[in-house]
Amino acid sequence: MQFSLITILAVVPVLMTAVFAAVMGTRMNKTVDFRGCFDDGEKWTDLGTTEQIYAALDENACDVDTGGWRLGAKIDMCIVVEKTNDFNEDNSFRFSWTITKLPEGKELGNLSHDVCVGFAEQIINSCPHGGVMELMFGPGADGGDIIGAAITADPQQGPSCGTEF
């Protein structure tokens, strides 16, 4: 059986995501599917509305922790989604990244608001229970570079991101 270079290049990112997700899923005592999505646990819809989730993301990460990031730089945070009339308690989600790729020849990559939100959107829209993925996103309309990162986004019941944080 012959494999073309295109086939190999198409399969490698999927396999790398699966391996990364399997390792991260084990570390967090969660199982993941082939895409890197958690199989169970809290859902994004259990936290609040989409607007509430993105407002909390902006307030705690995407409007705050932007700017120049080095290869290997990490952030790991617990983001609280405040209660409303429809949700009787504060809930939270773990959001973390490790920068894995920067623009060619640069020591720092501009991780802008748009790039930060783009990372979160990819997991929120793909994984109802959250997940871990190796992602590339950018450039942002706000000047953000194309950045690669290992991302974790994991919804939790209650305001403290559970016992795994």
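Using mature numbering (1 follows the signal peptide of the UniProt record, and there is no 0), the letters of the sequence shown map in sequence onto residues -21 to -1, 1 to 144. Beta carbons: idealized from backbone N, C-alpha and C, even for Gly. Computed from a predicted model, the values in this text were never measured in an experiment.
Take residue i as the anchor and find which of the options has the nearest alpha-carbon.
i	options	result
A34	K85, T131, A99	A99
A141	C57, H92, C106, G109	The question names Ala, but residue 141 is Gly in the sequence shown. With distances taken between Cα atoms, G141 lies closest to C57.
K62	R73, K80, T24, G97	T24
F72	E113, G27, K85, M112	G27
G46	A129, I78, N8	I78
A52	S139, L87, L36, F74	L87
D37	K85, K80, S91, M115	S91
G117	K85, S139, Q135, L81	L81
N89	S139, I32, C41	C41
S139	E68, D44, G84	E68
Could you give the DSSP three-state label for residue i: helix, strand or coil?
i	result
E113	strand
G141	coil
F17	strand
C57	strand
I125	coil
T29	helix
T10	coil
C106	coil
D37	helix
Q101	helix
Please tell me whether residue i and residue j are closer than 8 Å, where the distance is taken between their beta carbons.
i	j	result
V94	G127	no
G137	N70	yes
W76	I102	no
D19	V11	no
G110	A132	yes
K9	P107	no
Can you tell me whether residue i is buried or exposed? The criterion is at least 16 other CB atoms within 10 Å of its CB, across all chains shown.
i	result
D124	buried
R49	exposed
M3	Reliability of the predicted coordinates at M3 is poor, the pLDDT of 42 falling under 50, and no value is obtained from them.
F13	exposed
G122	exposed
E30	exposed
E113	buried
G15	buried
N104	exposed
V60	buried
DSSP puts residue i in a beta bridge; with which residues?
i	result
D133	R73
N89	G47
K80	G127
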